[in-house]
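Peer 1: The structure's right below; bear with me while I get my questions together.
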Amino acid sequence: MLSVSDTDLVQRRQRLRRRRQLKNLQKVCQTLTIASIAGGLLWGVSQPMWVIKTSKAIEISGNRVLSDKFILSLINLSYPKFLLRVKPSRIANLLRKQPMITQVQVSRRLFPAGLQIEIQERIPVAIAELPKSSNTKKTSIGLLDITGLWISLEKYKSYNSQLKLPKLKIIGLPEQYRSFWTKLYKLIKIAKIEITKIDFQDQTNLILTTELGEIHLGSPVNKLSEKIEALSHLRQLPQKVSLQSIDYIVLKNPSSPIIYTKYKQGQK
């Protein structure tokens, strides 16, 4: 006959064995459950409802310059395409290589199956004309964004043949004005005088073409904000002086504008 202590030991071993068997059974059930879910998901995403059938399933937003057609040509997807086989990071990297694009976000859309592409572009704010050089016999025309990046007009039109051109015109080499271009553009946007042309060819004398006529600002790095503010204060000038009689206005000293007339000089 077994002693009491031996009986307890046998029962304890039996309980431990049953616990191990139960844990093993639970692991098997968990594995089967996970496998079933994974299999179900795999089966589900392989169904037609999870397939990108045409480019119409790709939603593009944020583009004002680049056409949808051009962006889709860069992506170059073949259809039909299983949604999970599309790599958003790859598409985003392809689009970031374009000089016209500054930011890209690409994500999968589950219902209905497709892609969402959100981009930020370089918006042209001025037509930029490069002066003729000894190497080139013709003037190069491009477009300028707010950061001072110059891109040829021909290249812009290859992105979008229906592109609406800015009204502001710039003359000069970008390296001559890039350091202060962003500041200048923000100032002329809030100026109360319409400015249609900026001539940077003389680095000692920035010349603006405005509704009042030609304005000479002198050095663009000296009191630029004050000069543009002084220009805004001249908006009442046509009530005092005939614009047809004005040759040009000098604002090198913003506190003392000088008006040169076609007949005589005067100071205002």
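Here the sequence shown is numbered in the numbering used here, starting from 21 and rising by one per residue.
In this text, a Cβ means the ideal position worked out from N, Cα and C, and glycines have one as well.
#1: Check this for me: beta carbons of GLY233 and LEU263, under 8 Å apart or not?
#2: If I measure Cβ to Cβ from TRP170 and keep anything under 7 Å in the same chain, skipping five residues before and after, which residues do I get?
#3: Which class does GLU249 belong to by DSSP, given the choice of helix, strand or coil?
#4: Using alpha carbons as the reference points, say which of GLN118, ARG128, PHE102 and LYS189 lies closest to SER109.
#5: Less than 8 Å separating the beta-carbons of ILE190 and ILE235?
#6: Along the chain, where does the alpha helix (DSSP H) that runs through GLN221 open and close?
#7: Just grab the DSSP bridge partners of SER239 for me.
#8: Would you give the residue range spanned by the beta strand (DSSP E) that LEU164 belongs to?
#9: With DSSP run on the structure shown, which of helix, strand or coil describes LEU130?
#10: Take PRO132 as the anchor and find which of LYS184, ALA146, PRO151 and ILE78 has the nearest alpha-carbon.
#11: Taking DSSP as the reference, what is the three-state secondary structure of GLN287?
#12: Are at least three pairs of beta-carbons, each pair with one atom in the segment 170-184 and one in the segment 237-244, less than 8 Å apart?
#13: Quick check on ASN96: buried or exposed, where buried means 16 or more other Cβ atoms within 10 Å of its Cβ?
#14: Should PHE220 go down as buried or exposed, given a rule of 16 or more other Cβ atoms within 10 Å for buried?
#15: Roughly how many whole angstroms lie between the Cα atoms of PRO186 and ARG142?
#16: Here's the rule I'm using: 16 or more other beta-carbon atoms within 10 Å means buried, otherwise exposed. How should ASN83 be labelled?
#17: Within 10 angstroms of the Cβ of ILE54, are there 16 or more other Cβ atoms? Answer buried if so, exposed if not.
#18: Nearest-angstrom Cα distance between GLN123 and LYS209?
#19: CB-CB under 6 Å to ILE215, same chain, minus the five flanking residues each way: which ones, in chain order?
#20: Closest to LEU150 by CA distance: which of GLY192, ARG40, GLY134 and GLN46 is it?
#21: On the DSSP bridge list, what partners appear for LYS101?
Peer 2: So, to answer that:
#1: Start at 1 with the first residue of the sequence shown, and residue 233 comes out as number 213. Start at 1 with the first residue of the sequence shown, and residue 263 comes out as number 243. In contact: GLY233 and LEU263 (Cβ atoms closer than 8 Å).
#2: Taking the sequence shown and counting its residues from 1, one reaches residue 170 at position 150. Sequence-distant Cβ neighbours of TRP170 in its own chain, meaning closer than 7 Å and more than five residues away, are ALA148, GLY162, LEU164 and PRO194.
#3: Along the sequence shown, read from residue 1 onward, the residue named residue 249 stands at position 229. Residue state, collapsed to three classes: helix.
#4: Translated into positions along the sequence shown, residue 109 becomes position 89. Between SER109 and the set GLN118, ARG128, PHE102 and LYS189, the nearest pair of CA atoms involves ARG128.
#5: Here the question's residue 190 lines up with position 170 in the sequence shown. Here the question's residue 235 lines up with position 215 in the sequence shown. No, the pair does not count as a contact, with Cβ atoms beyond the cut-off.
#6: Within the sequence shown, numbered from 1, the residue matching residue 221 stands at position 201. Run containing GLN221: none; DSSP gives neither H nor E here.
#7: Translated into the one-based positions of the sequence shown, residue 239 becomes position 219. DSSP lists no partner for SER239.
#8: Residue 164 sits at position 144 when you count from the first residue of the sequence shown. Here the beta strand (DSSP E) through LEU164 covers 160-164.
#9: Along the sequence shown, read from residue 1 onward, the residue named residue 130 stands at position 110. The answer is coil: DSSP assigns LEU130 none of H, G, I, E or B.
#10: Within the sequence shown, numbered from 1, the residue matching residue 132 stands at position 112. Out of LYS184, ALA146, PRO151 and ILE78, ILE78 has the C-alpha closest to the C-alpha of PRO132.
#11: Position 267 of the sequence shown holds residue 287. Confidence is the limiting factor: at GLN287 the pLDDT is only 47, short of 50, which leaves the residue's position unreliable and the question unanswerable from this model.
#12: With the cut-off at 8 Å, the segment 170-184 and the segment 237-244 do not touch.
#13: Within the sequence shown, numbered from 1, the residue matching residue 96 stands at position 76. The residue is exposed, with fewer than 16 neighbouring Cβ atoms inside 10 Å.
#14: Walking along the sequence shown from the start, residue 220 turns up at place 200. Buried, by the Cβ-count rule.
#15: As a working note, residue 186 is residue 166 in the sequence shown. As a working note, residue 142 is residue 122 in the sequence shown. Within the model, the alpha-carbon separation for PRO186 versus ARG142 is close to 13 Å.
#16: In the sequence shown, residue 83 corresponds to position 63, counting from 1. That one is buried.
#17: In the sequence shown, counting from the first residue as 1, residue 54 sits at position 34. With fewer than 16 other Cβ atoms within 10 Å, it is exposed.
#18: Stepping through the sequence shown from its first residue, residue 123 is reached at position 103. Stepping through the sequence shown from its first residue, residue 209 is reached at position 189. Computed Cα separation, rounded: 24 Å.
#19: On the sequence shown, position 195 is the one that residue 215 refers to. Within its own chain, the residues whose Cβ lies closer than 6 Å to the Cβ of ILE215, once the five positions on either side in sequence are excluded, are ILE208, LEU228 and THR230, listed in chain order.
#20: The residue you call residue 150 lines up with position 130 of the sequence shown. Out of GLY192, ARG40, GLY134 and GLN46, the CA that lies nearest to the CA of LEU150 is found in GLY192.
#21: For the purposes of this step, residue 101 is taken as residue 81 along the sequence shown, with counting starting at 1. Residue pairing by DSSP puts LYS101 in a beta bridge opposite ILE72.
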